[in-house]
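**Student:** Residue numbers (mature numbering (1 follows the signal peptide of the UniProt record, and there is no 0)): -21 to -1, 1 to 298.
Glycine included, each C-beta is placed from N, C-alpha and C at the ideal position.
Being a predicted model, the structure only gives us computed values, none of them experimental.
The structure that follows is given in the form of structure tokens.
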Amino acid sequence: MRFKNFLVLGLALCLANFVICEDDTTTAPETTTESTTTLSPDTTTESTTTTTTTEETTTPTTTTSSSTTTPEETTTPTTTTSSSTTTPETTTVTTTTVVTTTTGPENNVLNFTVYQTNSTQACLRAKFSLAFNIMYPAIKSGVPSNETTKVAVNSYDSYTGECSDTFNTLSIEFLNGWTLILNYTLEKNAYELSMVRLVYRVKAELFPDVDPSYVGEKRTERSDLKEFAANKGNSFKCTSETKLDLEPVQVDFKNYQAQPFLDSKTVEFDTAIECAADSSGTSKLVPIIVGSSLAVLVILVLVAYIVGRRKHRPGYQQV
């Protein structure tokens, strides 16, 4: 009986042990599989991917930045271009001096005598100094502007004239291609300068920094003038400067004396009619001369009075 009990107890223990062992064996492979599957692929992928990618990316970045520094040296040729542009500007400014030198002094008086056709008889006589102020388009340092040049005529190449009963013409050639024409008209025994025409050539020697498109022959005239008027048989004289506007030219006459429609008996200029500018200059002297004379007269009267008083003063009488 006891033996049976021991046998049953042993079998029960064996069964219990078998169940426990089975449970232990089952849990162990489950834990092992889970730990190996999750850890090992994760760890391998992370270590390989991160190490390789970051190291390879840093190396080309350094190479690119060093190669970019080389094209920065292109700044040096830019400075050379701007300095070469400044040199022609300085040369153009110096050209202004050529205007005065080429044309000569302003006060050189030019003389003209026009004769009747096929005759030694003069019909027009004139003398004057001549200069022009001419406005023209210019380009300075690439910027368009309006400039003015002064051209003084020192001498002429040639001159011609034409005379009739009602008009006299003087045509003057100078500066190798310039022409000035003066036309005098006679009406009711009085004459005047009624028309002035100028043909001139624009070129860089006389027009500094001129716009290249403006170079060439130009002409301007004015036919509504009533200048230098006098009666026939008189000359007109004006030593002061007279300016005539012929857009864009201003003609400057100085030391002017002329007499068109000359009579046969006239050898030189007849009695001159003076311009207002000259006569106003002399009329200012008249009050000065009169005032000075009166002052001298008053002083003389005072001196005579003082001297006369001293002579007639009575002396002391003896007692």
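What span of residues does the beta strand (DSSP E) with proline 123 cover, start to end?
**Tutor:** Start and end: 122 to 132.
**Student:** From which residue to which residue does the beta strand (DSSP E) around proline 116 run?
**Tutor:** That run of the beta strand (DSSP E) goes 101 to 119.
**Student:** Decide yes or no for the touch test of the stretch 135 to 144 against the stretch 114 to 121: beta carbon pairs closer than 8 Å, at least 3 of them.
**Tutor:** Not touching, per the Cβ criterion.
**Student:** Which partner residues of proline 239 appear in the DSSP bridge assignment?
**Tutor:** Looking at the DSSP assignment, proline 239 forms a beta bridge with Leu103.
**Student:** According to DSSP, asparagine 162 sits in a beta bridge with which residue or residues?
**Tutor:** Paired residue(s): Thr148 and Met174.
**Student:** Does DSSP put serine 272 in a helix, a strand or coil?
**Tutor:** If DSSP states are grouped into helix, strand and coil, serine 272 belongs with the helices.
**Student:** At which residues does the beta strand (DSSP E) containing phenylalanine 215 begin and terminate?
**Tutor:** Taken as a continuous stretch (DSSP letters only), the beta strand (DSSP E) holding phenylalanine 215 covers 214 to 217.
**Student:** Quick check on glycine 140: does DSSP put it in helix, strand or coil?
**Tutor:** Three-state DSSP puts glycine 140 in a strand.
**Student:** Look at the alpha carbon of valine 282 and the alpha carbon of serine 272, and state the distance between them as a whole number of angstroms.
**Tutor:** Cα-Cα distance, rounded: 16 Å.
**Student:** Measure how close the beta-carbons of phenylalanine 107 and valine 130 come, nearest whole angstrom, since I'm counting them as under 8 Å.
**Tutor:** Not a contact, Cβ separation roughly 15 Å.
**Student:** Excluding the 5 residues preceding and the 5 following aspartate 249 in the sequence, name in chain order all residues of the same chain whose CB lies nearer than 7 Å to its CB.
**Tutor:** Here the set comprises Gly212, Asn213, Ser214 and Gln238.
**Student:** Relative to the C-alpha of leucine 159, which residue among Glu166, Ile151 and Leu165 is closest?
**Tutor:** Minimum Cα distance to leucine 159 is reached at Ile151.
**Student:** List the endpoints of the continuous beta strand (DSSP E) containing aspartate 224.
**Tutor:** Note, aspartate 224: beta strand (DSSP E), 221 to 225.
**Student:** State the start and end residues of the unbroken beta strand (DSSP E) segment that holds tyrosine 193.
**Tutor:** Counting along the chain, tyrosine 193 falls outside any beta strand (DSSP E), and DSSP gives it neither H nor E.
**Student:** Is DSSP giving valine 246 helix, strand or coil here?
**Tutor:** In this structure, valine 246 counts as coil in the three-state DSSP scheme.
**Student:** Helix, strand or coil for leucine 89, going by three-state DSSP, please let me know.
**Tutor:** Leucine 89: strand per DSSP, three-state reduction.
**Student:** Going by C-alpha distance, which of Thr164, Thr96, Asn97 and Leu103 is nearest aspartate 242?
**Tutor:** Of Thr164, Thr96, Asn97 and Leu103, the residue nearest in Cα terms is Leu103.
**Student:** Take isoleucine 252 and list the residues in its own chain whose beta-carbon comes closer than 6 Å to its own, dropping the five residues that flank it on each side.
**Tutor:** For isoleucine 252, where only same-chain residues beyond five positions count, the Cβ hits under 6 Å are Ala209, Asn213 and Phe215.
**Student:** According to the Cβ coordinates, are valine 269 and phenylalanine 111 closer than 8 Å?
**Tutor:** No, the pair does not count as a contact, with Cβ atoms beyond the cut-off.
**Student:** Please state the DSSP three-state secondary structure of alanine 183.
**Tutor:** Coil.
**Student:** Once DSSP output is grouped into helix, strand and coil, what is the label at aspartate 257?
**Tutor:** Looking at aspartate 257 - three-state DSSP - the assignment turns out to be helix.
**Student:** For glutamine 236, count neighbouring C-beta atoms within 10 Å of its own C-beta (all shown protein chains included) and say buried if the count is 16 or more, exposed if not.
**Tutor:** With 16 or more Cβ atoms within 10 Å of its Cβ, glutamine 236 is classed as buried.
**Student:** With distances taken Cα to Cα, identify the nearest neighbour of leucine 154 among Thr218, Tyr179, Val93 and Asn162.
**Tutor:** The shortest C-alpha separation from leucine 154 is found at Tyr179.
**Student:** Please tell me whether threonine 127 and proline 187 are closer than 8 Å, where the distance is taken between their beta carbons.
**Tutor:** Not closer than 8 Å, so no.
**Student:** Would you mind working out which of Leu223, Thr218 and Glu226 sits nearest serine 258, comparing C-alpha positions?
**Tutor:** The shortest C-alpha separation from serine 258 is found at Thr218.
**Student:** If you reduce the DSSP assignment to three classes, tell me which class tyrosine 94 lands in.
**Tutor:** Three-state DSSP puts tyrosine 94 in a strand.
**Student:** Which residues in the same chain have their Cβ closer than 7 Å to the Cβ of threonine 40, if we skip the five residues on either side of it in sequence?
**Tutor:** Its pLDDT being 37, under 50, threonine 40 is placed unreliably in this model, and the value from its coordinates should be taken loosely. Nothing meets the Cβ criterion.
**Student:** Valine 175 and leucine 165 - do their beta-carbons sit closer together than 8 Å?
**Tutor:** The answer is no: Cβ separation not under 8 Å.
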